[in-house]
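Using our numbering, read the sequence shown as starting at 24 and increasing by one per residue.
Below is one structure, written out as structure tokens, with a few remarks after it.
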Amino acid sequence: MAKVLIIDDEKQILSLLSRIIELEGYEVFQATTCKAGLKQLEQNNPEVILCDVCLPDGSGVELVCGLKKLRPLSEIILLTAHGNIPDGVQAIKNGAFDYITKGDDNQKILPLIAKAMDKASAAYRQNKVASSPVGKQYSFDTIIGKSPAILEAVDLARKVSRTDVPVLLTGETGTGKEVFAQSIHQHSSRSEKAFVAVNCSSFSRDLLESEMFGHKAGAFTGALKETKGLFEEADNGTIFLDEIGEMAFDLQAKLLRILETGEFIKIGDTRPIKVNVRVIAATNRDLSKEIAEGNFREDLFYRLSVFQIHLPSLRERTEDIPLHVKAFVDTLSVKMGKEIQTISPDYVNLLKRYPWKGNVRELRNVIERSLIIADGNTLDSDSLPLNLQQLDANSQDSYSGFDLSGVEKMHIQKVLKYTNGNKTETSRLLGIGLTTLYRKIEEYGL
């Protein structure tokens, strides 16, 4: 059972949060002070920690460092009655997963815990892989596919990895842009240095600027001490800017300056800082269109796209789907304690005819659901989601004449039964938001 630790000295909130989280199927531990929280962490090793900012014996923002030192793979969500940007920035820099305000963000807590739990669980699994004699976690050799499109992308990435030029990775969501970025870094002369990744769509404009470039003490209200930005952290290494198309227009000028001069200025400072950082950027947007609409700087685009690699969608390389199926079945069946001996041709053929708008990530989710639903040691078409089972032979994504709402209701019921009513896990397996799942449950009277 996944574990959550709550550290909060307000006993009513502690009790309420514990009850809500326990109902989602998590094992919950409680603490009311920093000292008690550290003790619970050592004893129970929770994957996710909810921590109040103001505690009787210290600050939750500073406690993040102690928690991360003891359990670096656990994820920490800070809760505060009065949020402010400096605390949020410092919390993230100290290693927090997120920072939310009590009351205003109550509806975000369960989905946020689910996301943090996914990240922590993946980190623990990856740590086991990294510590085993399997080899490097990220490598071009681990990229799955034999189609000409993916082989061309890998060949280009291998060649550019030997250089220091900026790289722009383009492609739809779920095509593996971060895997390519990590592999380019691992095969470069910077492989022993830091690889720092930041998702430009995950932060507000002000928070992203401070996150990337850091700030001086006194730069704004609450900035009590000087902090390093991610570009300083990545000095002599690689920084991966995911979703670069989401970056605010005025911040793009600061990024352009780094690419051209290797220098930037912290918030509140006047002295430029010199860094040696390789930039790999990624986007699922059409940057040419964004330039035409005035949302993206043309000069920055030309600097970032010195070497551009397009990652093909899964529907552009359907011959690779059987390879992905085997790889996911091999890894996920071990995780679930299942032994799959046969994958039917009908199962694979239906997967090859589906459009896969979510690409490899969506395929993985479908296979995970199949393993949950499958009876025995065979994967066949009956274990696929109903919308895939009902693909018409003459259409890639048409449905049969069945009532769609009835089909959806049956499928939600089946997954809820499998998870024993755990709505967070159910929403994850269905690939929908927790709020959407609650609405469907009410709509269908489940």
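Think of the CB as a built atom: it goes at the ideal place given N, C-alpha and C, for glycine as much as any other residue.
Predicted, not measured: the structure shown is a model, and the values here were computed from it.
Straight-line CA distance for residue i to residue j?
i, j, result
"R392", "L439", "12 Å"
"V389", "A25", "22 Å"
"D369", "L337", "19 Å"
"S406", "K138", "26 Å"
"A143", "V71", "7 Å"
"G360", "L453", "20 Å"
"Y467", "T442", "18 Å"
"V27", "G317", "45 Å"
"H210", "L192", "16 Å"
"T186", "F319", "26 Å"
"E283", "V202", "26 Å"
"I43", "V302", "42 Å"
"A304", "V190", "6 Å"
"K169", "R387", "18 Å"
"L93", "L334", "38 Å"
"V430", "I396", "15 Å"
"Y161", "Q205", "6 Å"
"R308", "L274", "18 Å"
"S423", "E385", "Residue placement at S423 is poorly supported in this model, since its pLDDT is 36, which falls under 50; the coordinates still yield a value, given next. In a straight line, the C-alpha of S423 is about 22 Å away from that of E385."
"K349", "N382", "16 Å"
"D31", "G241", "29 Å"
"S41", "Y49", "9 Å"
"L101", "L174", "43 Å"
"E65", "C74", "15 Å"
"L37", "I123", "16 Å"
Take residue i and list the residues in its own chain whose beta-carbon comes closer than 8 Å to its own, dropping the five residues that flank it on each side.
i, result
"D80", "T56, C57 and K58"
"T401", "I363, Q364, T365, I366 and S367"
"T250", "V112, Q113, K116, S233, G237 and H238"
"L457", "L133, P134, A137, K446, T447 and S450"
"L469", "K432, I435, Q436, L439 and K463"
"K62", "A54"
"G260", "H208, R213, K216, A217, F218, V219, V300 and R301"
"I314", "R320, E321 and F324"
Based on Cα-Cα distance, which residue from the options lies nearest to residue i?
i, options, result
"V76", "L64, Q66, N67 and G60", "G60"
"K125", "A271, L39, K277 and L323", "L39"
"D164", "R462, I303 and I207", "I207"
"A54", "E65, I44 and I29", "I29"
"P408", "E85, L373, L37 and K91", "L373"
"P95", "A304, V84, N68 and L310", "N68"
"G252", "K358, L231, M270 and A271", "L231"
"T198", "G444, K380 and E85", "K380"
"E269", "K248, T306, G260 and R376", "T306"
"A257", "G241, K248, G285 and A240", "G285"
"G194", "E33, K375, N259 and L310", "L310"
"G118", "G241, V87 and T103", "V87"
"T459", "V357, K289, K131 and L37", "K131"
"K358", "V383, H347, L394 and N382", "L394"
"L78", "E33, P345 and E465", "E33"
Who are the near neighbours of residue i in its chain, counting only those whose CB is closer than 7 Å to its CB and skipping five residues on each side?
i, result
"S225", "none"
"I455", "none"
"S82", "V76"
"N222", "D265 and E266"
"D403", "S367, D369 and Y370"
"F254", "M235, F236, I262, I281, F287, V298 and V300"
"V177", "F163 and I166"
Sorted by chain position, which residues of the same chain lie with C-beta nearer than 6 Å to residue i's C-beta, five sequence neighbours on each side aside?
i, result
"V157", "For V157, the predicted model reports a pLDDT of 32, less than 50, meaning its position is unreliable; a value from the coordinates is still stated below. For V157, where only same-chain residues beyond five positions count, there are no Cβ hits under 6 Å."
"E98", "V71, F120, A139, K142 and A143"
"R228", "A271"
"A172", "P335, E339 and R340"
"L411", "L373 and Y377"
Segment contact, 8 Å Cβ cut-off, at least three pairs: the segment 197-217 with the segment 338-355: Cβ pair count under 8 Å is below three, so no.
Can you list, in chain order, the stretches of the alpha helix (DSSP H) that have 4 or more residues and sit fully within the segment 307-368? The alpha helix (DSSP H) runs lying completely inside the segment 307-368 and spanning 4 residues or more are 310-315, 321-327 and 344-359, given in chain order.
Do the segment 318-327 and the segment 278-289 touch if we need at least three Cβ pairs shorter than 8 Å? When Cβ pairs closer than 8 Å are counted between the two stretches, the segment 318-327 is seen to touch the segment 278-289, the count reaching three or more.
Do three or more CB pairs link the segment 329-336 to the segment 181-196 at distances below 8 Å? Yes, they touch.
Enumerate, from N- to C-terminal direction, the unbroken beta strand (DSSP E) stretches of 3 or more residues contained entirely within the segment 54-103. Taking 3 residues as the minimum length, the beta strand (DSSP E) runs contained wholly in the segment 54-103 are 71-75 and 98-103, in order along the chain.
Closer than 8 Å is the cut-off here; do at least three beta carbon pairs connect the segment 291-301 with the segment 337-347? Contact between the segment 291-301 and the segment 337-347 is absent, because fewer than three Cβ pairs lie under 8 Å.
Could you pull out every unbroken beta strand (DSSP E) segment of at least 3 residues lying fully inside the segment 207-267, listed in chain order? Taken in chain order, the whole beta strand (DSSP E) runs of length 3 or more contained in the segment 207-267 are 218-222 and 261-265.
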